[in-house]
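Engineer:
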Amino acid sequence: MASPLELIWDWAYAIEHEKLEELYKKAKRDQWNSDVEIDWSQPVDPAGKILDEERMAFLRLKFFQRFSRSQRESFNAHYSAWILSQLLHGEQGALMVAGELIAAVPDYEAKLYAASQAMDEARHAEVFGRYIRKLDKIYPVQPTLKAILREITETPFWQAKTVGMQVVLEGLALGTFINVRAATDCNLLRQILAYVTKDEARHVAFGNLYLKTAIAEMEPDARREVEDFALRVTKKAVAMRRGMEGMDGFDEVLRECGIDPGDFVRAMVEEVRAGFQLASTPGSVHTFKGLILPGIVRAGLVSERVRPGYEQADIKLFSDTSLLEQFEQTGEVRS
Ligand SMILES: [Fe+2]
Ligand SMILES: [Fe+2]
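Just so you know, we're using this note's numbering here: the sequence shown kicks off at 36 and counts up by one.
Written as structure tokens, this is what we have:
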């Protein structure tokens with residue numbers, strides 16, 4: 036993938052955004068060493084409860100009930116590794132975008148902050164890769180996710196990269212981190228997610244402190260392109276979550292467990308027709324409602340011009356930022 040980004044030097048080395056400098060200081064203070072802080076000797080049970088109910092709702096399908104316990108356990112391990120692999124690919128994307136931001140943001144203090152984020156994302160990629168290998172193997176990137184990563188890579192605007200990565204993809208990841216951390220029975224994963232989410236709180240805060248003004252200061256033509264980009268990427272993310280597009284790549288998981296993907300699709304279609312729903316779990320964080328859409332609205336990317344695009348795609352423009360703010364301040368959400 037080719038990135039068309041322009042590099043900007045700041046020869047003045049002056050600090051103009053004090054809040055950004057504070058964020059950088061916080062990042063320095065809160066660095067953690069994954070070799071020291073995480074107890075990698077803890078046992079991991081690949082057959083145990085790794086993910087939350089919502090992500091494991093498949094297992095409630097009658098289709099799975101007819102399999103033996105060991106087959107269901109094997110599905111659990113492979114499927115969990117598949118989901119976590121997508122998070123890992125997202126972390127590699129975040130690592131590369133953070134690297135690009137170092138070069139592309141115009142302000143010195145924003146470059147320092149972006150460098151701290153690059154280190155955070157390196158650590159995230161490292162710990163997820165390490166964890167997944169304890170469960171199973173690393174699965175290939177899901178096609179819709181890859182399409183989103185390509186959009187993010189190929190846009191010439193760093194503001195768009197930041198929206199695509201920090202608001203949309205990291206929003207998706209964050210929702211998963213919070214919900215899985217609350218539900219998992221795996222101590223090692225819980226420990227990893229506690230450290231990772233703490234870093235993410237700073238990344239979300241950067242979007243609020245810097246991106247909002249940077250977007251407001253863009254030339255109207257360029258801003259329109261970023262607005263269109265945000266709509267396009269949000270639509271893809273919604274499709275990945277809601278529709279069958281998100282299932283692309285899942286056939287490999289089924290094959291790993293000796294299940295015929297064709298049988299699965301037929302049974303799934305039948306059961307959905309008969310009323311089966313992959314309903315959300317009460318008390319869990321609703322990622323689009325609480326994190327992604329408020330982030331897009333807050334960044335100033337929903338103009339009257341693009342609003343109908345969201346409505347046509349049946350994407351509700353949630354604008355309550357309380358969950359985001361709570362998270363930025365504390366690194367936690369009380370659901
Ligand atoms: Fe991350
Ligand atoms: Fe991040």
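The beta-carbon is built from N, C-alpha and C at its ideal position, and this holds for glycine as well.
Can you give me the C-alpha to C-alpha distance between residue 98 and residue 285, rounded to a whole angstrom?
Structural biologist: 16 Å
Engineer: Compare the Cα-Cα distances from residue 48 to each of 156, 165, 86, 147 and report the closest residue.
Structural biologist: 147
Engineer: Distance check for residue 58 and residue 243, CA to CA, integer angstroms please.
Structural biologist: 12 Å
Engineer: Just mark residue 220 as buried or exposed, buried being the case when its beta carbon has 16 or more other beta carbons within 10 Å.
Structural biologist: Residue environment analysis places residue 220 among the exposed positions, since fewer than 16 neighbouring C-beta atoms fall within 10 angstroms of its C-beta.
Engineer: Any heavy atom of ligand 2 within a distance shorter than 7 Å of the CB on residue 153?
Structural biologist: No, Cβ of residue 153 sits at least 7 Å from all heavy atoms of ligand 2.
Engineer: Should residue 193 go down as buried or exposed, given a rule of 16 or more other Cβ atoms within 10 Å for buried?
Structural biologist: buried
Engineer: How would you call residue 162, buried or exposed, if buried means at least 16 neighbouring beta carbons within 10 angstroms?
Structural biologist: buried
Engineer: Just to confirm, is the Cβ distance from residue 206 to residue 330 under 8 Å?
Structural biologist: yes
Engineer: For residue 175 and residue 269, I'd like the C-alpha separation in whole angstroms.
Structural biologist: 22 Å
Engineer: Mind listing, in chain order, the continuous alpha helix (DSSP H) runs of no fewer than 4 residues lying wholly within the region 214 to 264?
Structural biologist: Within the region 214 to 264, the complete alpha helix (DSSP H) runs of at least 4 residues are 222 to 241, 247 to 251.
Engineer: Is it true that the region 70 to 89 meets the region 222 to 233, where meeting means three or more beta-carbon pairs spaced less than 8 Å apart?
Structural biologist: Proximity of the region 70 to 89 to the region 222 to 233 meets the contact definition, three or more beta-carbon pairs being nearer than 8 Å.
Engineer: For a test of the three-state rule: what should DSSP assign to residue 49, helix, strand or coil?
Structural biologist: In this structure, residue 49 counts as coil in the three-state DSSP scheme.
Engineer: Could you name the residues of the same chain whose beta carbon sits closer than 7 Å to that of residue 344, not counting the 5 residues immediately before and after it, in chain order?
Structural biologist: Excluding its 5 nearest sequence neighbours in each direction, residue 344 has C-beta neighbours in its own chain below 7 Å: 266, listed in chain order.
Engineer: Could you pull the start and end residues of the alpha helix (DSSP H) that residue 306 belongs to?
Structural biologist: 296 to 308
Engineer: Hey, would you say the C-beta of residue 124 is under 7 Å away from at least one heavy atom of ligand 1?
Structural biologist: no
Engineer: Could you give the uninterrupted runs of the alpha helix (DSSP H) lying entirely in the region 126 to 204, keeping only those of 4 residues or more?
Structural biologist: 143 to 170, 178 to 189, 193 to 197
Engineer: Are the CB atoms of residue 170 and residue 208 within a distance shorter than 8 Å?
Structural biologist: no
Engineer: Taking 8 Å as the threshold, find out whether the region 124 to 144 comes into contact with the region 255 to 262 through three or more Cβ pairs.
Structural biologist: no
Engineer: Alpha carbon to alpha carbon, what distance is there between residue 179 and residue 272?
Structural biologist: C-alpha of residue 272 to C-alpha of residue 179: approximately 8 Å in a straight line.
Engineer: Is the separation between the beta-carbon of residue 185 and that of residue 36 shorter than 8 Å?
Structural biologist: yes
Engineer: Can you list, in chain order, the residues of its chain whose CB lies under 6 Å from that of residue 197, leaving out five sequence neighbours each side?
Structural biologist: Here the set comprises 246.
Engineer: Leaving out the 5 sequence neighbours to the left and right, which residues in its chain are closer than 7 Å to residue 139 when beta-carbon positions are compared?
Structural biologist: 40, 41, 42, 43, 193
Engineer: So, do the region 234 to 242 and the region 50 to 65 have three or more beta carbon pairs nearer to each other than 8 Å?
Structural biologist: yes
Engineer: Enumerate in chain order the residues of its own chain whose CB-to-CB distance from residue 143 is below 8 Å, with the five nearest sequence positions on each side excluded.
Structural biologist: 45, 47, 48, 49, 50
Engineer: Do residue 327 and residue 231 have their C-beta atoms within less than 8 Å of each other?
Structural biologist: no
Engineer: Consult DSSP for residue 102 and reduce its assignment to one of helix, strand or coil.
Structural biologist: coil
Engineer: Near residue 69, what residues of its chain come up, given a Cβ to Cβ distance below 7 Å and the 5 sequence neighbours on each side ignored?
Structural biologist: 158, 161, 162
Engineer: Let's see if you can read the secondary structure: which residues bound the alpha helix (DSSP H) around residue 319?
Structural biologist: Neither: residue 319 is in no alpha helix (DSSP H) and is coded neither H nor E.
Engineer: Which residue wins for smallest C-alpha separation from residue 112, given the options 100, 122, 183, 91?
Structural biologist: 91
Engineer: Rounded to a whole number of angstroms, what is the C-alpha to C-alpha distance between residue 353 and residue 103?
Structural biologist: 43 Å
Engineer: Are residue 119 and residue 166 closer than 8 Å when you measure CB to CB?
Structural biologist: yes
Engineer: My understanding is that residue 123 touches residue 164, with C-beta atoms under 8 Å, so please give their C-beta distance in whole angstroms.
Structural biologist: 6 Å
Engineer: Taking the alpha helix (DSSP H) that residue 285 belongs to, which residues open and close that run?
Structural biologist: 285 to 291
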